[in-house]
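Participant: Same order as they appear, the protein sequences are chains A and B. Quick note on my numbering: the first sequence kicks off at 1 and runs consecutively. Quick note on my numbering: the second sequence kicks off at 812 and runs consecutively.
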Amino acid sequence: MKQYIKLFTFTAVLVASFALFTGASSALTGTDFRPGRIIDDVIFTNKSSMSVAQIQQFLESKVAGGSCDTSGTRPSTRWYTAAGRYYTHAEWGALNANPAPFVCLTTYKENPTTKQTNLGNPTLVIAGAQTAAEIIYNAGQQYNINPQTLLVLLQKEQSLITDDWPWLDQYAKATGAYCPDTAPCDAAQAGFGTQVREAARLFRYYMDTPWLYFVGNNYVLYNPNTACGGTTVYIENKATEALYHYTPYQPNAAALSNLYGTGDGCSAYGNRNFWRMFNDWFGNTIGPGYSYVTAVNPPAILYSNQIVVASVSIRNDTSLPWYSDGNVPVGEHPTRLAMLNYKDSPLANIADPAWLGTRNQIKMKESSVGPGGIATFEATFLGPLVGVRSRMEMTPVIDGVKFMPFIGMAWAVETPTLLLNYQVTSITGLEARVNGDAEKQITVLVKNIGTTYWYKDGASPLGAQPLRMLTAEPFYHLSGLATTGWLAKNQIPMQNNTVAPGETATFIFGIHTPTANGFINEKYSLVLDGKIVMPLNGQLQISSEVIDYRAFLLTENIPSNMIPGKQYTVSVSLRNDGSSTWYNESNVPTGGHPFRLVANSYAGSIFADTSDPAWLNTQNQIKMKTAVVNPGETAEFEFRIIAPYKRSFENLALRPVVDGLRVMDQSVSKIISIPQPIFSYGFVDSVNPPSIMQPTTESTARVRLTNVGNTVWYNDTSRPTSLRYGAARLIMALPYYRNSAFASSSDPAWLNTQNQIKMKTAVVNPGETAEFEFIWKAPVNAGTYADPFSVVIDGYVVIPFIGLQYNTRVQ
Amino acid sequence: MKKNKQSTIKKTFLIFACLMITSGLILAYLNRSRVKNLIFSDPVTKSNSDDTNLSDKVREVNDVDYGPSSPTDNSQINDQKNNADQANDKPVNAGLSATITNTRVVSSLAQVSVLIGGTTGGNCLLTLSKSGSSDIQKTVSVIVRNGITTCEDFNIPISSLSNGSWGVRVVLESGQTKSKPAEGTLQVGS
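1. Using a Cβ-Cβ cutoff of less than 6 Å, which residues in the same chain neighbour residue 461 of chain A once the five nearest sequence positions on both sides are dropped?
2. Tell me the residue span of the alpha helix (DSSP H) that contains residue 192 of chain A.
3. Have a look at A/92, A/235, A/51 and flag the residue whose alpha-carbon is nearest the alpha-carbon of residue 131 of chain A.
4. Just to make sure I have the definition right: I need the residues of chain B whose C-beta is within less than 7 Å of the C-beta of residue 320 of chain A. Which are they?
5. Looking only at DSSP bridge pairs, what is residue 956 of chain B linked to?
6. By the criterion of Cβ-Cβ separation under 7 Å, what are the contact partners of residue 910 of chain B in chain A?
7. Excluding sequence positions up to five away, which residues of its chain have a Cβ less than 6 Å from the Cβ of residue 998 of chain B?
8. With respect to the alpha helix (DSSP H) encompassing residue 44 of chain A, which residues constitute its N-terminal and C-terminal limits?
9. Could you tell me whether the stretch 182-199 of chain A touches the stretch 886-897 of chain B, using the rule of 3 or more Cβ pairs below 8 Å?
10. Which of helix, strand or coil does DSSP assign to residue 424 of chain A?
11. Can you tell me whether DSSP reads residue 990 of chain B as helix, strand or coil?
12. Grab the span of the beta strand (DSSP E) containing residue 477 of chain A for me, first residue to last.
13. Should the stretch 86-93 of chain A be regarded as contacting the stretch 64-77 of chain A, the criterion being three or more beta carbon pairs within less than 8 Å?
14. With 8 Å as the threshold, decide whether the Cβ of residue 879 of chain B is near any Cβ in chain A.
15. Residue 924 of chain B and residue 211 of chain A: beta carbons closer than 8 Å?
16. Using a Cβ cut-off of 8 Å (strictly closer), state whether residue 921 of chain B contacts chain A.
17. Check the Cβ-Cβ distances between residue 58 of chain A and every residue of chain B, and say whether any is below 8 Å.
18. Got a sec, what are the start and stop residues for the beta strand (DSSP E) residue 519 of chain A sits in?
19. What residues from chain A crowd round residue 951 of chain B, counting only those whose CB sits closer than 9 Å?
20. List the DSSP bridge partners of residue 596 of chain A.
21. When you compare the CB positions of residue 478 of chain A and residue 490 of chain A, do they come within less than 8 Å of one another, or not?
22. Determine the burial state of residue 157 of chain A: buried for a count of at least 16 other Cβ atoms within 10 Å of its Cβ, exposed for fewer.
23. Could one say the Cβ of residue 887 of chain B lies closer than 8 Å to chain A's Cβ atoms, at least one of them?
24. Does residue 411 of chain A come out as helix, strand or coil in the three-state DSSP assignment?
25. State the start and end residues of the unbroken alpha helix (DSSP H) segment that holds residue 52 of chain A.
26. Against chain B, with Cβ distances strictly below 8 Å, would residue 333 of chain A count as a contact?
27. Quickly, what does DSSP pair residue 685 of chain A with across the bridge? List them, please.
28. Could you tell me whether the Cβ of residue 175 of chain A comes closer than 8 Å to any Cβ of chain B?
29. So within the stretch 710-772 of chain A, which uninterrupted beta strand (DSSP E) runs reach at least 3 residues, ignoring any that extend past its ends?
30. Helix, strand or coil for residue 946 of chain B per DSSP?
31. Does DSSP put residue 343 of chain A in a helix, a strand or coil?
32. Consult DSSP for residue 882 of chain B and reduce its assignment to one of helix, strand or coil.
33. Would you say residue 453 of chain A faces chain B, with C-beta separation under 8 Å as the test?
34. Could you say if the stretch 34-42 of chain A and the stretch 269-281 of chain A meet the contact criterion of at least three C-beta pairs nearer than 8 Å?
35. Spatial neighbours of residue 802 of chain A within its chain, please: C-beta separation below 6 Å, excluding the five flanking residues on both sides.
36. Should residue 330 of chain A be labelled buried (16 or more other beta-carbon atoms within 10 Å of its own) or exposed?
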């Protein structure tokens, strides 16, 4: 059985604790009465507390017996000795000039202009009449007084709210307005409507224009009998001030110790009853001193290192001004927003001066906020670097004086478990192989896949830490590559102002590649500066191979002016200023790359003399002559170029190339001018055949001509293949390409076409003499023959006939 | 058999206890979880009575009781009605009285608030005295101001008062009678 008792006791305690926890409001006691703060201004003047319908509902709920005893049939509390029973309401009312029917506030009507009422005639229809509820409501609206204040006043003065058989006199002095304690009531102010309106007006007047009592210290009597004494009361607000104007007495201890009864001969009950009835019917007369207006809430999820601004605005419902820190007059105290019981908030950003410096109080933004004014408490919150669930319950505090009651203002914010993850999206700007001693700009995109919030240097709010890339292995080592965009050569700031989880950050920085060949491999991580270094994830690194090729042009002898058709053998000398060895075609190691000169963009050059094996057939690359060129040595390129039969002004641009690996920046650049080609000749001498020949007889002829143009002539054998045409020949003329009867098919000087004779001289520069030697063979048929001829540059031009001609008679 | 009966009782107790604990915890959780991220369902202030650790215990405001009235609510008025046949509507004259409720300096004027009892007419005689200074006297009429019997404003220019604490004395004269003097102090200057 003991077991059960224990179990039951535990259960009962639990249930009792729960009841306490859920908080049933405590019963009112006299010790709750505060003579200096009977009711708060905000409650006393809350004109919106009840609608007309609610007032009507309230009146109907409170009238004794549940309804008005209109006909007076209910018993009174006056004993009717003769009848051996209590008088009915009707009987006793009739005996005291208040016969039935009775009109309660639930059914009362009055025309506010004519003052006509339905008293004594409940069913009377009165044009323009208002109900008691309407009169009370309207008075409250007109003078900004809580209708509940007027309802309590009506009850405490004449019990009109609960009375189910009110008499006329109760209506006449319904609110006790203009009824001094020591003098009769002012008859001019009699009547329900007048009394209610005047009471509201007086309350407003007393609040706005006090003259007997003021906020501050006042002497308040206990009773009209001054011998009963009184005390100095510090009146805290205007509503209490107004109540003392209306009823200038405070309850004494006897009145308060018997809250629902009478005290002693020195007791006065007006303000006690007002306070008690208000509490009983409408709740606390003392508000929390403030009310919620608006807020800017923090997000439900606050990431680590994230800063947010949150604020709460509340109205000052007290009668005293609030002061912010730094603006407090002597003897006053600052008002702040405090965490309940000064419990520290893990999210407080104490770098923010809006916080007191502790984690539990936020300063008021305004320097001072008077009664009814709006105070704003704005501060930043910082997500900590640990996962935390925080519930911040807040209430204003008058520092050093008191906490104001908690009314439910709270923020619930969660910071997720700390994850420092990131994912590299891309790294651009650094090729797999790079030159040494080169500037590179690298762009790295990193996605935030953790739970931290990232800020840029300079854009990081107070208290948050900027996010940077930092060198790794070891962390914070000074990078030998660092150029632009770095901090102290070991950190790189983020470009974006903010990067939330799920977003991508950009880092841009420069590096200078090493001079020596080798590999670049630098690892990085991310750091919340001064707080925490994120672990390496193997993705954030730059890698490349440095292969250093650099050339310095020592000499070149490429002509600036070229004669059309002329071949030039030129040379270029480059010094190997890199750290790699250069090889020509014949000496390149297996897997290596030959070193050449290449025309810009690999385009074929018009100057390429591909009859020179130094040129590749592609007409765009020139082989190196030197077999192997070590760093510091000189490479020789020797090659032939040729001027085409074409007027031109061309740039011969050549760049060193490691074939298949690297085209270098250094280049040879030469502008070459070629004049308009002129083809012309002059007669020098000749050895002519006989003028009379026997049929089929032969004679050797020779003609010498001077090249008086500006072009170089080649014979069929010496003509460079890069000149597509251009062999100089004699051509039968008049007409050109006419076959000659004297052509010797056995003489190789003649073309098979029997109309052209090849030049004997291999190359004829301008001013030189060309020699043509050929067999002149008489035909079979007798006759007289004329054979004019000139010179042709094959494929280009036939030089005009200048009179050269053989006349031969065959007989 | 006896053992089985005991076992049944024990089980019943355990089930009951579990139910009570569970329901208590659920209700407590629901109650605690009312407060959201400063999102008030009703901007009107409501005290949060579940916070037992508050420095001020709060009773709710504007919580209208629509329940029926108490029978005692009409006791006072019923007593008045029962004795209506003996009632004397004239208020009791408690005798002449003057009570200083407040003294202050406002806008360069010294003000003394006086609550008058026992009359609605007569004069108020004010005497301000301070050691080393001549007494200052002023007489004003008794008036009824919005239902309150009081003295007219005295309005003593503080230029006529030296700094310091002045004794204040008010005597009510009505007809041939005088009230007991009411006394207080007035602070002039800091």
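Glycine residues also receive a C-beta, built at the ideal position from the N, C-alpha and C atoms.
Facilitator: Working from what's here:
1. By one-based count along the first sequence, residue 461 of chain A stands at place 461. The answer, listed in chain order, is 307.
2. For the purposes of this step, residue 192 of chain A is identified with residue 192 of the first sequence, where counting begins at 1. Here the alpha helix (DSSP H) through residue 192 of chain A covers 192-208.
3. Translated into positions along the first sequence, residue 131 of chain A becomes position 131. For residue 131 of chain A, the nearest C-alpha among the options comes from A/51.
4. What you label residue 320 of chain A is simply residue 320 of the first sequence in a count that begins at 1. None at all; the shortest Cβ gap to chain B is about 16 Å.
5. Taking the second sequence and counting its residues from 1, the one referred to as residue 956 of chain B is at position 145. B/959, per the DSSP bridge assignment.
6. Working through the second sequence from its first residue, we reach residue 910 of chain B at position 99. Simply 219, 221, 226.
7. In the second sequence, the residue the question calls residue 998 of chain B occupies position 187. Counting only Cβ-Cβ distances below 6 Å, and skipping sequence neighbours, we find 976.
8. In the first sequence, counting from the first residue as 1, residue 44 of chain A sits at position 44. Residue 44 of chain A -> alpha helix (DSSP H) spans 41-44.
9. no
10. Here the question's residue 424 of chain A lines up with position 424 in the first sequence. Residue state, collapsed to three classes: strand.
11. The residue you call residue 990 of chain B lines up with position 179 of the second sequence. Residue 990 of chain B: coil per DSSP, three-state reduction.
12. The sequence position of residue 477 of chain A within the first sequence is 477, counting from 1. From DSSP, residue 477 of chain A is part of no beta strand (DSSP E); its letter is neither H nor E.
13. yes
14. The residue given as residue 879 of chain B occupies position 68 in the second sequence. Yes, residue 879 of chain B lies at the interface with chain A (some Cβ there is under 8 Å from its Cβ).
15. Working through the second sequence from its first residue, we reach residue 924 of chain B at position 113. Working through the first sequence from its first residue, we reach residue 211 of chain A at position 211. It is a contact, given that the beta carbons lie within the stated cut-off.
16. As a first step, residue 921 of chain B is located in the second sequence; it is residue number 110 there, counting from the start. By this cut-off, residue 921 of chain B is not an interface position.
17. Here residue 58 of chain A corresponds to residue number 58 of the first sequence, with the count starting at 1. So yes, residue 58 of chain A belongs to the interface.
18. Here residue 519 of chain A corresponds to residue number 519 of the first sequence, with the count starting at 1. Where residue 519 of chain A is concerned, the enclosing beta strand (DSSP E) stretches over 518-528.
19. Residue 951 of chain B sits at position 140 when you count from the first residue of the second sequence. Correct list: empty, because the minimum Cβ distance to chain A is about 13 Å.
20. Position 596 of the first sequence, counted from the first residue, corresponds to residue 596 of chain A. Answer is A/623, A/657, bridged to residue 596 of chain A.
21. Counting from one through the first sequence, the residue named residue 478 of chain A turns up at place 478. Counting from one through the first sequence, the residue named residue 490 of chain A turns up at place 490. In contact: residue 478 of chain A and residue 490 of chain A (Cβ atoms closer than 8 Å).
22. Taking the first sequence and counting its residues from 1, the one referred to as residue 157 of chain A is at position 157. It counts as buried.
23. Along the second sequence, one-based indexing puts residue 887 of chain B at 76. With 8 Å as the cut-off, residue 887 of chain B counts as an interface residue toward chain A.
24. Your numbering for residue 411 of chain A matches position 411 in the first sequence. Three-state DSSP puts residue 411 of chain A in a strand.
25. For the purposes of this step, residue 52 of chain A is identified with residue 52 of the first sequence, where counting begins at 1. It spans 52-62 - the alpha helix (DSSP H) in which residue 52 of chain A sits, taken as one unbroken run.
26. Within the first sequence, numbered from 1, the residue matching residue 333 of chain A stands at position 333. No, no contact with chain B.
27. Translated into positions along the first sequence, residue 685 of chain A becomes position 685. Bridge partners of residue 685 of chain A: A/704.
28. Position 175 of the first sequence holds residue 175 of chain A. No, its Cβ sits nowhere closer than 8 Å to a Cβ of chain B.
29. 728-732, 756-758
30. In the second sequence, residue 946 of chain B corresponds to position 135, counting from 1. Residue 946 of chain B: strand per DSSP, three-state reduction.
31. Taking the first sequence and counting its residues from 1, the one referred to as residue 343 of chain A is at position 343. Three-state DSSP puts residue 343 of chain A in coil, outside helix and strand.
32. As a position in the second sequence, residue 882 of chain B is number 71, starting the count at 1. Helix.
33. For the purposes of this step, residue 453 of chain A is taken as residue 453 along the first sequence, with counting starting at 1. No, because no Cβ of chain B sits closer than 8 Å to the Cβ of residue 453 of chain A.
34. yes
35. Along the first sequence, read from residue 1 onward, the residue named residue 802 of chain A stands at position 802. Answer for residue 802 of chain A: no residue qualifies.
36. Walking along the first sequence from the start, residue 330 of chain A turns up at place 330. The residue is exposed, with fewer than 16 neighbouring Cβ atoms inside 10 Å.
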